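Going from the sequence shown to this note's numbering is simple: count from 1 and add 363.
All C-beta atoms, glycine included, are put in the ideal place defined by N, C-alpha and C.
Note that this is a predicted model, so its numbers are computed, not measured.
A quick write-up on the structure given underneath.
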Amino acid sequence: MTLEAVLACLHLLALLTMVVFLSSEAALCRGEWMNAAVVQRLARLDLVYAFAALAVLATGLLRLFLGAKGVTWYVSQPLFHLKMTLVVVGVVLSFKPTAVFRRWLRQLRDNGALPGDAEVRATRKWVMWQAHLIPVIAAVAVFYARGW
């Protein structure tokens, strides 16, 4: 049971880290606040977000294979498959902002250009979709963990 508790704690810590850094991206990704420092910060925040997301995945896999319930229990739960589908959707949603933040950083370094308001708004929408998906994934996880 100690291993289960440690894995659950690490999974939750990674998830909370991911949420904090994604929330920071959403807060900063605004046209009226855009400057060189914000572009650089968004790229760094997104990098930490990516590492936190990888930690969520790693700890989730550890819970799946080493946890008390075992793989058989998880894969027998229909909501587990819904959760995994939503996780894949979240990963796909994250590609666009990551690519955009990297491009903004390259443009800033190459010629000092900042992104336009329309592009910032469009990118923020992608970040917000990710941010709104995370609580849905968490809710599904809570229900399937209780055998729904």
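Next item on the list: Count the other CB atoms, across all protein chains shown, that sit within 10 Å of the CB of residue 432; report buried if there are 16 or more and exposed otherwise.
Entry: exposed
Check: Taking the alpha-carbon positions, what's the residue 462 to residue 456 distance?
Finding: Whole-angstrom Cα-Cα distance: 11 Å.
Margin query: Between the alpha carbons of residue 409 and residue 428, how many angstroms are there, rounded?
Written below: Those two C-alpha atoms are separated by around 28 Å.
Checklist line | Cβ-Cβ distance between residue 385 and residue 494 below 8 Å | finding: yes
Notebook entry, point to check: Between residue 464 and residue 394, what straight-line distance do the alpha-carbon atoms span, to the nearest angstrom?
Noted result: 14 Å
Check: Which same chain residues, not among the five before or five after residue 380, have their C-beta less than 6 Å away from its C-beta?
Finding: If we look at residue 380 and ignore the five residues flanking it on each side, its Cβ neighbours are 415.
Margin query: One question on the structure: do residue 392 and residue 490 come within less than 8 Å of each other, judged by their Cβ atoms?
Written below: Yes.
Next item on the list: Pull up the CB-CB distance for residue 497 and residue 382, whole angstroms please, since I reckon it's below 8 Å.
Entry: Beta-carbon to beta-carbon, residue 497 and residue 382 are separated by about 6 Å, close enough to satisfy the 8 Å threshold.
Margin query: Less than 8 Å between C-beta atoms, sequence neighbours within five positions excluded: which residues of the same chain meet that for residue 492?
Written below: 456
Notebook entry, point to check: How about residue 397 and residue 468: are their beta carbons less than 8 Å apart?
Noted result: No. Outside cutoff.
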